[in-house]
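Take a look at the structure set out below.
Protein chains in written order, with my numbering: chain A, 6 to 255; chain B, 6 to 255; chain C, 6 to 255.
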């Protein structure tokens, strides 16, 4: 794997995104993450998973400059992989803890909110579904999952404003479970992972299924249509111009 | 239009209910509102809508004395129009801000909670789904939408008690987004409308659809049956006597 | 009835669980409760129901030592009766107030959360869905109903940890409606029951149906499958050993 590192210790697998300064997500990243989580699901030694980033970013979200070279059908192929992946995380049969080391934006936020527990560093890091601010829509699954944590009212505010939340604000909203210092992130994430890992794995998987499968089934019915609409808007003149602005800037 | 005024300025359309002292809703009001929102949906110049009342009332709700002259099938026809209208508002393709200038009762509350943002004046004004207190039921859609904002527990309390909430209480419960003075209502509503209007309209519509369409579809499946039950209860001896009491009182 | 007493006063029926020191639930208890609630549904004099326990327990939950003598198909028969019963309570056509006089554990918690209003005594009493801690799963209905009151985030925390909540904590989470002293429980529960009883009974039933029937229908689709999985896990080697440990202990 080129962009994803895995470290296994004491029944805990730590998955680390590492691609450039901002851990921008491209198709290779999603292919590697998908393979990695598949392996971990079947690994009898792994009882809990931590996912984290490196540097100042958990991830910036999609690698927009790279996707501007994609044709519509290629981008749809990628989006299908991406949404399948966050669906895998949402129903992953073992606990998944997101150790949010830095900015957790757009597609990165979607992955984080599919996990079972989120710890985020206080300070400059922000969490956001900011798609509306460059004229982009969202996916059915991402909207349903943000509604789970924030409730309808705050979810509407979050996605209509594209608001950037500090860890403290995200905690107040119920978007994350814990705020900590950068120095404590590793130990705290590992502590939480161990608490989850100590529970009966079969009971955990069954209960998680009861908690989340009905919504996952609803999402599946509508995710594909939402991708088609997302692609249409992405390639519309207005949004395309906004996206090119983001290329030059980055 | 006789009971609905529309003022358009800077891409914002303000819709003002004006029917007597309490803005009581009858079939003409709903016909006019429906036509008005249809026009605004298609008006390329309109980027956001404000809906408000006049005097001490946003609206008192249904014009009960008038409806006591309706036969069952006529009342069902009206209720279908009414619930279709709040459904139109709930999925309106542009932002709708409710500027609640006064009491927001029963059917008026149902219209308000279908909007995207609610500002309410502090003071004597109350917000309530008080139907149970005269022995009336509610509609499937109104129950689902109040649950969206209050959650199941507070929604149950609200509709079982028919509680009258001040703006401050409504804000605490998450039923409204902002409390302001009467003097600030116009400017604040316009400020919020401009914030919404500044967002990409296509992305907004798509995201709003993701946020609300699944629930609207569920409501549609059950709304008609709920109207039939509502009508049966409305014309039952007990409730009918209560309603006539309200006639004399008003 | 052997384990369930009913006292009727002023239109309020009080149902009291009384089986040993911990009011452990077995098949006879559920048969009696089911018959009792059926009678109360049809009793024109009864306008509201209070359900309570005796001593230090509302109920401990299932009588595990007794169920260890059940074969799989017998246990499935019991579970079907049990989940049917909490389903009956959830949709009971009259108000049901839970007067939680003491510990409200596992299956006992499931019955409590199906009621319309919960008052719990402060002090040592705890409320918990602690099944995961002996390697047991939950039922689809119980998970959906705990999600109703706590929201997804706190519901996940509650059932993944099997956390034991004091009345104060349960109130903070929205799991109960009121905390009171042991001395006040009877009067307060009766006061709330009277408030509910004062409302129009037909309107109450109709509104309760609007508030809860759609979820009850969803639960029904999935409850049976969840019982089958629950049974498989219950009789698995790991969980069975945990359950025998609880036998010796109790």
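Where a beta carbon is used, it is the ideal one built from N, C-alpha and C, also for glycine.
Rounded to whole angstroms, the separation of the alpha carbons of residue 180 (chain A) and residue 161 (chain A) is 13 Å.
Here the stretch 56–66 of chain A lies against the stretch 94–109 of chain A, with 3 or more beta-carbon pairs under 8 Å apart. The shortest CA-to-CA distance from residue 232 (chain A) to any of A:82, A:18, A:50 and A:7 is the one to A:82.
A residue is called buried when at least 16 other Cβ atoms come within 10 angstroms of its Cβ; residue 188 (chain B) does not meet this threshold and is exposed. Counting every other CB atom within 10 Å of its CB across the protein chains shown gives residue 68 (chain B) a total of 16 or more, marking it as buried.
Selection A:237, A:150 and A:60 evaluated against residue 26 (chain A) yields A:60 as nearest (Cα-Cα).
In the three-state scheme derived from DSSP, where H, G and I count as helix and E and B as strand, residue 54 (chain C) is classed as strand. Pairwise C-beta distances place the stretch 216–235 of chain C out of contact with the stretch 43–50 of chain C, as fewer than three of them are shorter than 8 Å.
Secondary structure note for residue 182 (chain C): it is in no beta strand (DSSP E), with a DSSP letter that is neither H nor E.
Here DSSP, grouped into helix, strand and coil, assigns residue 49 (chain B) to coil.
When secondary structure is reduced to three states using DSSP, residue 27 (chain B) falls in the coil class, being assigned neither helix nor strand. Judged by beta-carbon spacing, residue 112 (chain B) lies beyond the 7 Å limit of residue 138 (chain B), meaning their Cβ atoms are not closer than that value.
Non-local beta-carbon contacts of residue 149 (chain A) in its own chain, meaning distances under 8 Å to residues more than five positions away in sequence, involve 220, 223 and 224 in chain order. Counting along the chain, no beta strand (DSSP E) covers residue 87 (chain A); the unbroken alpha helix (DSSP H) around it starts and ends at 77–95.
Per DSSP, the beta bridge partners of residue 19 (chain B) are B:12 and B:55.
Look at residue 165 (chain A) here: in three-state DSSP terms it is helix. Short of 6 Å from the beta carbon of residue 29 (chain C), and not among the five residues preceding or following it, lie these beta carbons of its own chain, in chain order: 65 and 68. Contacts between residue 164 (chain C) and chain B, judged by CB atoms closer than 9 Å, are missing: the closest CB pair is about 17 Å apart. Look at the beta carbons and you see the stretch 123–139 of chain B not touching the stretch 72–91 of chain B: under three pairs across the two are nearer than 8 Å. DSSP, reduced to helix, strand and coil, places residue 115 (chain C) within a helical segment of the structure shown.
In this structure, the beta-carbon distance from residue 145 (chain A) to residue 215 (chain B) falls below 7 Å. Contact annotation: in the stretch 79–106 of chain B, no residue has its CB less than 7 Å from a CB in chain A. For residue 228 (chain C), the number of other beta carbons within 10 angstroms of its own is at least 16, and it is reported as buried.
In the assembly as shown, residue 121 (chain B) is a buried residue. Its beta-carbon has 16 or more other beta-carbons within 10 Å. Take residue 249 (chain A), set aside five residues on each side of it, and the residues of its chain with a beta-carbon closer than 8 Å to its own are 73, in chain order. For the stretch 26–46 of chain C, the beta-carbon criterion of a distance under 8 Å to any beta-carbon of chain B is satisfied by none of its residues. Contacts with chain A (Cβ-Cβ distance below 8 Å) from the stretch 215–228 of chain C involve 223 and 227, listed in chain order.
The DSSP-derived three-state label of residue 104 (chain B) is strand.
In chain order, 212 and 215 make up the part of chain C whose C-beta sits under 7 Å from the C-beta of residue 143 (chain B).
Against chain C, a Cβ distance below 8 Å from residue 243 (chain B) picks out 205 and 207.
Contact check for residue 176 (chain A) against residue 109 (chain A) fails: the beta carbons are separated by 7 Å or more. Flagged as an interface residue toward chain C: residue 158 (chain B), by a C-beta distance shorter than 7 Å.
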